[in-house]
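Laid out in structure tokens, this is it:
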């Protein structure tokens, strides 16, 4: 193969979008489901709260009985019972009656508001109310949180801790989630011999786990056609990523191997770094070919593999956030490729600046550590000038202070 | 106790900052360290790459031998050897000589640039070079990524996948990380009886895990002084969170229990929701008292517990991101408290708007699901007006498109 006919980035995404993959599901206890993706809309099977509840500690009253109540002119109501979050009221309030109750307690019949304890003083079997309340004040209405049929999660959303709380409230105990795993295989004699340490595969495993997807590392294999084919065939994950061997050289075996046992969807993209990124299908299973160099692999993962997983499995990842910044140094795109330039963001006089890092090799992982964002230069642009306002995609948790 | 003397939010943080806690550490294999926090600066013990390496597949040359090379006037160089990422060169380039080499290969003595394979054509034992190269072009210089002593992670930073890659490159195999766990205990007869499901504790466990800290749930206990004291004393986590029983009522036992077996640092804050939030110390161990209602607990966790953990353990959490938005409806702060108002952000005509959700109870978890941010109204403000530009803290992964 050669790399004289690289495809454009958008074209790679189009080819990805045309592929279909099966979605497997696994039903989990909701308590173990945080971070997973739901396959269907999750709706509430019940109304919550099921009845009016007190939002505070105090006294259930008829709001009309408190009209014009004040410290100088308190309303005096008779206490006819006490209710906690565990009680079922067995009485009904009549005029000038009240019930002591605690947060979460069911509102008794005849009551339509709750006076906070701080605004009262109990005197024997009566309570003095010092402040008037509005109708339904301090009451959490039945169904205020969830009505039966309300959507808690949309298909493909990732379950957060507050979704978990809502599912528990709604009485949901189990939830069907996406079951997908990615297998990673690394090729390279230099990895097998130990002369070069494999930093790319562990990084990919961690990146995939952070997305909420299982990842398995299947080891380093030598640059040997039979070894690699055997290793590929033994992997039963849904998607495979092979690192290394993706280039155009004679020692780069991946292209020919995928051609031999499957088909190439694309190989070689006009992006920098990540130019040698490829995608094949072997027995309907997607196999990504990524550079063995960590930064090239990181850029390809973020911009090719991640959107592919989202599309194929119908899930939504948190989208990378962007900030606007002023470029401190010109960037030239001489090669008509899409460039991912690592930049260091900083603030000065209330403005945000992006300082492009000077690096030569696509393997320089420290550039990602020193950077807190990257700038995408589209392949049809000649670059950006010093002083241009650009959009920067954030890496990690850089927090711009809003000027 | 009563809640007539609530303290201000800032005052609660000051009291938190005055407390000291011990930091325990655990040494982990770097591959298991992603998501953990480092206790010291992590510096590179070695220089990486240790020697000049090729960033591409091609030919190692003397750059001077390629001057003015073009397709019409190629330079013809003699190939004297082949190097892959695993080879140690045993020769030195003389004038008009070159070596075939692959990405990652060590640059042989005498060479100072690499010509990409695409810009060459091999003819027998010679290669025609069609493009001139600059000095050091396509070479990843020794130490370009990391010099010995370079800081990979600063004290208190959270380890990301790319930090992992850098540590592996640098030859770091183990790393000392923070070992801290939070124990959660829930109180309430209504939870023990099962009349009300505990959604708050599992949510807190998930929130804490998402921060990179271990969390253990120690069950629901009845509103009984002895039960609660026994349960508290059996917990050996570094920090305890008790949900429920934090209010001012007679059924709320936590204040008196903490007073009895320890001391109260504060209890009751002028925030809404989350007013009943408290902090005590029992045998030097911090015990947070949080509402049993999920949203009040969530707000208190985010704004009290989270900054406390960061301060006490010297670690940095990703700071919540903020966006500017235009308020669609006025918000009134009648009570002089600090309000956390859930808002729904949306875009219209290139502007971002924040629509405050109408809710009464602090328990309405669906307000967090429907919201994608919250607006903080400081206690010295009377509120915000419809049309005001406000800062909104993001919940989850709302991504504003930059207008």
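Protein chains in written order, with the working numbering: chain A, 1217 to 1619; chain B, 1217 to 1619. Just so you know, even glycine gets a beta-carbon here, dropped at the ideal spot from N, CA and C.
query	result
Can you name, in chain order, every residue of its own chain whose Cβ lies under 6 Å from the Cβ of residue 1598 of chain B, other than the five neighbours on each side?	1549
Does residue 1234 of chain B come out as helix, strand or coil in the three-state DSSP assignment?	helix
Listing by chain order, which chain A residues have their CB less than 7 Å from the CB of residue 1419 of chain B?	1377, 1378, 1380 and 1381
Is there a C-beta anywhere in chain B that falls below 8 Å from the one on residue 1503 of chain A?	no
Would you verify that the beta carbon of residue 1371 of chain A is, or is not, closer than 8 Å to some beta carbon of chain B?	no
Determine, using beta carbons only, whether residue 1224 of chain A comes closer than 8 Å to chain B.	no
Which bits of chain B does residue 1549 of chain A rub up against, with CB to CB less than 7 Å?	Ordered by position in chain B, no residue passes the 7 Å Cβ test against residue 1549 of chain A, which lies about 17 Å from the chain.
In or out: residue 1228 of chain B buried (at least 16 other Cβ within 10 Å) or exposed?	buried
So, for residue 1414 of chain B: in the same chain, excluding its five sequence neighbours on each side, which residues have a beta-carbon less than 7 Å away from its beta-carbon?	1402, 1407 and 1436
Compare the C-alpha of residue 1530 of chain A against each of A/1487, A/1245, A/1252 and A/1225 and name the closest.	A/1252
Please identify the residue among A/1319, A/1234, A/1285 and A/1387 whose C-alpha is closest to the C-alpha of residue 1276 of chain A.	A/1319
Would you mind sorting residue 1307 of chain A into buried or exposed? The rule is 16 or more other CB atoms within 10 Å of its CB.	exposed
Residue ranges of each beta strand (DSSP E) run of no fewer than 3 residues wholly in the segment 1520 to 1597 of chain B, ordered along the chain?	1538 to 1543, 1554 to 1564, 1567 to 1572 and 1589 to 1593
If you measure from the beta carbon of residue 1296 of chain B to each beta carbon in chain A, is any gap under 8 Å?	no
For residue 1444 of chain A, which three-state DSSP category applies?	helix
With a Cβ-Cβ cutoff of 8 Å, do residue 1271 of chain B and residue 1346 of chain B count as a contact?	no
Report yes or no: is there a C-beta of chain A within less than 8 Å of the C-beta of residue 1337 of chain B?	no
Which residues, taken in chain order from the segment 1392 to 1411 of chain A, show a beta carbon closer than 7 Å to some beta carbon of chain B?	1404, 1405, 1406, 1409 and 1411
If the criterion is Cβ atoms closer than 8 Å, does the pair residue 1254 of chain B and residue 1375 of chain B meet it?	yes
Could you say which of B/1391, B/1379, B/1360 and B/1591 lies nearest to residue 1540 of chain B if we only look at CA atoms?	B/1591
So which residues of chain A does residue 1423 of chain B contact, with C-beta pairs closer than 8 Å?	1377
Quick one: does residue 1581 of chain A have its CB under 8 Å from some CB of chain B?	yes
For a quick check, are the C-beta atoms of residue 1322 of chain B and residue 1303 of chain B less than 8 Å apart?	yes
Do three or more CB pairs link the segment 1334 to 1346 of chain A to the segment 1381 to 1389 of chain B at distances below 8 Å?	no
Just confirm the distance between the C-beta atoms of residue 1261 of chain A and residue 1392 of chain A, as a whole number of angstroms; I'd bet it's less than 8 Å.	Going by Cβ atoms, the distance from residue 1261 of chain A to residue 1392 of chain A rounds to 14 Å, so no, they are not a contact pair.
Determine the direct distance from the alpha carbon of residue 1501 of chain A to that of residue 1573 of chain B, and round the result to whole angstroms.	45 Å
Let me check one thing: in DSSP terms, what residues is residue 1504 of chain B bridge-paired to?	B/1457 and B/1495
Buried or exposed for residue 1310 of chain A, please, with buried defined as at least 16 other CB atoms from any protein chain shown within 10 angstroms of its CB.	exposed
Does the beta-carbon distance from residue 1418 of chain B to residue 1380 of chain A come in below 8 Å?	yes
Could you check what DSSP says for residue 1392 of chain B in three-state terms: helix, strand or coil?	strand
Quick one: what's got a C-beta closer than 7 Å to residue 1246 of chain B's C-beta in the same chain, skipping five residues either side?	1380, 1383, 1384, 1388, 1389, 1390 and 1391
Could you work out which residues of chain A lie near residue 1566 of chain B, taking near to mean beta carbons separated by less than 9 Å?	Residues of chain A passing the Cβ test: none, with the nearest at roughly 14 Å.
Suppose you measure from the CA of residue 1416 of chain A to the CA of residue 1580 of chain A; what does that come to, to the nearest Å?	12 Å
Which residues, in order along the segment 1298 to 1313 of chain A, keep a beta-carbon less than 8 Å from a beta-carbon of chain B?	1300, 1301 and 1302
Express the C-alpha separation of residue 1558 of chain A and residue 1397 of chain A in angstroms, rounding to a whole number.	29 Å
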